[in-house]
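In this note's numbering, each residue's number is its place in the sequence shown (first place is 1) plus 11. The beta carbon of each residue, even a glycine, is placed where N, CA and C say it ideally should be. As the structure is a prediction and not an experimental result, all values here were calculated from the model. Reading through the structure tokens given below for one structure.
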Amino acid sequence: MQIAPAEKTELSRYEIPLSEAKAKQWIDSLSSTDTGETTRRVFYGLVDFNRRMVPPAVRIRIAERLRPKFELLHVNLKRHLKSQSFPLAPRSQKISDLNQSLLLEYAGLYQLSVLDMINQDVERKKALQVSIFRVINYLGKYLFSSYSVYSRTGETVWRDIHHMYLLASERGLEKLKISGDDAKASSIEEHYLQLNLLALCKPYSLRQEEVLRLENFIKENIKSVSLTKEPINEELLGNFVHAVIMNNDEPAVIMPYGDMPHSPTVRVFNIRALVMKLNELIGTGNDEHSARLVLGNVLSRNLAKRIIYHLTTVRNRQHNRVDCDEEIMVVMGMQPVHRVIDNSRKQGNGDMQREEDLLFNNMLYGESTVAPDAAEPEAVSSRLSPQDRESGVRIWRIKNSSVGGYGLHWDTADSSPAKVGELVGLRDMREQDNPWMTGVVKWMEYLPKQGLFCGVELLSVETRVCEINQIVNRTLNHNLPIEGLMLPAIEGLREEAVFILPAYIFIPGDELNVKYDGREERVTLSTLDECLGTFAHFNFKVIEKDADANATDDFADLWDAL
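Here you go:
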């Protein structure tokens, strides 16, 4: 069937020509103002071009000519995915899917060139080096875009990255410098190191903006890391190694030294110098006693500490998890958690007063003045009360549970307030009077057509509200009182009570007047745990009010008796 000339012209808008001259015209015709149409043309053009037989040298030259336009499109798509709630709204999810598909297609363009050059025995050292670098670079951008929206990466991506590095290593190309590139990696090996280091730092357990900060820090300090075939004794951090097995589909992992296989496809990451650099940054921050806890290289002190934890700790599951499928009430954020716990406390006091009134009426009149149905608690079938809904309480599903926390599942299309490091209030729905527990979101992952999954670490099964009325030892540029939470001491779990307070306001050594449990105490904040979440987790010591007076009062034990 013949196609009319007009239709041919229209179709050619979405097909990259196979000749260099016509491809140049096609690329030059891409609009800089109509971003949507340009993105559509490039996407369909790449899909078609990657399925055509093109000489590898021609394919590389066309790809290099297209690259500046492609980078602009990628930057524009990323702009739509900043500061999002999860799971993503349907439109944002489509943008994310399009962004990842474009990156895979563009990386595939160079990957085809590499394989064609090798299979056709027409290897050109410079062209092969650049093409392998581009494949690793754009597959790395794909990984980063997945981490930033907590989306699981596709199958074979890591296998392709390892394969490209092995091809470069076999031909002595991995350490050769690539000049004039904007990827901030001067060689194939440096870029390969960057991607594996980012994976070692557990990006799904980082906050959205922290993934970018960590990526920048790794790029600036990548020369502190080296890659070898065997561990170097001077570089070991304990009895474990950071290694990658390049014939599988996984990034580098931390493993016991005895478990590392000895194979030509195994590489060891020597990261001692990088860990020492992080320790120096943390030490500098500790000397400054900064309330903001911000270090150089756009890292916060708590992020630096968490990176060290991920790089130096072999984590075994401490508690056995039990699969289940139940509902649980969840609220997220410092203020909403404080609100629901305070409301629950007031409601409990009201229920107790009603029970006392009912008992008094029975004793006085011999019968109840309350209708039988009215005295019974509200059925759980009513789900959430209006007060709960106004406070931001939502119903999540429990997929598994253990002594240490819960695996939660958000299976609706609506966005949730979930963020890594966010404070969480949880309440078992099986009984109406179950107390509110507190936890923290440790990781998130989104699976298409399934929903958002979160790991919540349980901090306390009992929580009380507190109120900071005064800071004694310094001037504070915040309005008082400041609301917080107090997690009481629990035998066998936590020896001392702790405060949960807003982040970046208080520092260790602050002396505060705090109201909790119906009394006011003067306390001194001591140890700050910066690694738990987006809040401040303080140990504290109560200052005995009359200790100094009693020390000089010989009759102190008589005054109360008189």
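A direct Cα-Cα distance of roughly 14 Å separates S124 from H174. Residue pairing for T449: DSSP places it in a beta bridge opposite G436, S471. For H253 and G56, the gap between their C-alpha atoms comes out near 40 Å.
The Cβ atoms of M455 and Y161 lie closer than 7 Å to each other.
Between the region 308-328 and the region 234-242, the count of Cβ pairs shorter than 8 Å is below three; the stretches do not touch.
Counting along the chain, P267 sits inside the beta strand (DSSP E) bounded by residues 264-267. In this structure, the straight-line span from the alpha carbon of V333 to that of N148 is close to 40 Å.
The residues I409, K410, N411, S412, in chain order, have a CB closer than 8 Å to that of C335 in the same chain once the five nearest residues on each side in sequence are set aside.
For P513, there is no enclosing alpha helix (DSSP H); the residue is part of the beta strand (DSSP E) that begins and ends at 509-513.
For the pair of segments examined, the region 391-406 was found not to touch the region 65-77: the number of CB pairs separated by less than 8 Å stays below three. Residue nearest to P275 within the set G249, E181, N250 is E181 (criterion: CA-CA distance).
Note: D540 is bridge-paired with H548 in the DSSP secondary-structure output.
Under the 10 Å beta carbon count, E200 is surrounded by 16 or more other beta carbons and is classified as buried. Close CB contacts of P272 within its chain, under the 8 Å cut and outside five residues either way in sequence, are with I256 (chain order). In this structure W407 touches I339 by the C-beta definition: roughly 6 Å separates them, less than 8 Å. In terms of Cα proximity to D127, the closest of N259, E473, M440, A68 is A68.
By the Cβ neighbour-count rule, Y527 is buried, with 16 or more other Cβ atoms within 10 Å of its own. The C-beta distance from S471 to L434 rounds to 11 Å, too long to meet the 8 Å contact threshold. Between A547 and L512 the beta-carbon gap is near 5 Å, inside 8 Å, which marks them as a contact. Only buried fits M448, as 16 or more other CB atoms lie within 10 angstroms of its CB. Put simply, the backbone Cα of L84 is about 34 Å away from that of F280. Secondary structure of H253 (DSSP, three-state): strand. With a cutoff of 7 Å on beta-carbon distance, L204 and Q140 are scored as not near each other. The Cβ-Cβ distance between G466 and W421 does not fall below 7 Å. In this structure the region 480-488 does not touch the region 434-444; the number of beta carbon pairs closer than 8 Å is below three. The alpha carbon of V86 has as its nearest neighbour, out of P101, I106, L99, the alpha carbon of I106. In the three-state reduction of the DSSP assignment, Y527 falls in the strand class, which pools E and B. Taking a contact as a CB-CB distance under 8 Å, the pair E226 and L209 counts as one, their CB atoms being some 6 Å apart. Less than 7 Å separates the beta-carbon of V476 from that of D353. Per DSSP, reduced to three states, the secondary structure at N281 is strand.
Going by beta carbons, A263 and I293 fall outside the 7 Å limit. One thing to note: F510 has its Cβ no nearer than 7 Å to the Cβ of F464.
At a cut-off of 4 residues, the continuous stretches assigned as alpha helix (DSSP H) that sit fully inside the region 17-73 are 31-39, 46-60.
If you draw a straight line from the Cα of E507 to the Cα of I501, it comes to about 8 Å. In this structure, DSSP gives I199 a helical state, which the three-state scheme calls helix. Rounded to whole angstroms, the gap between the alpha carbons of D59 and S30 is 14 Å.
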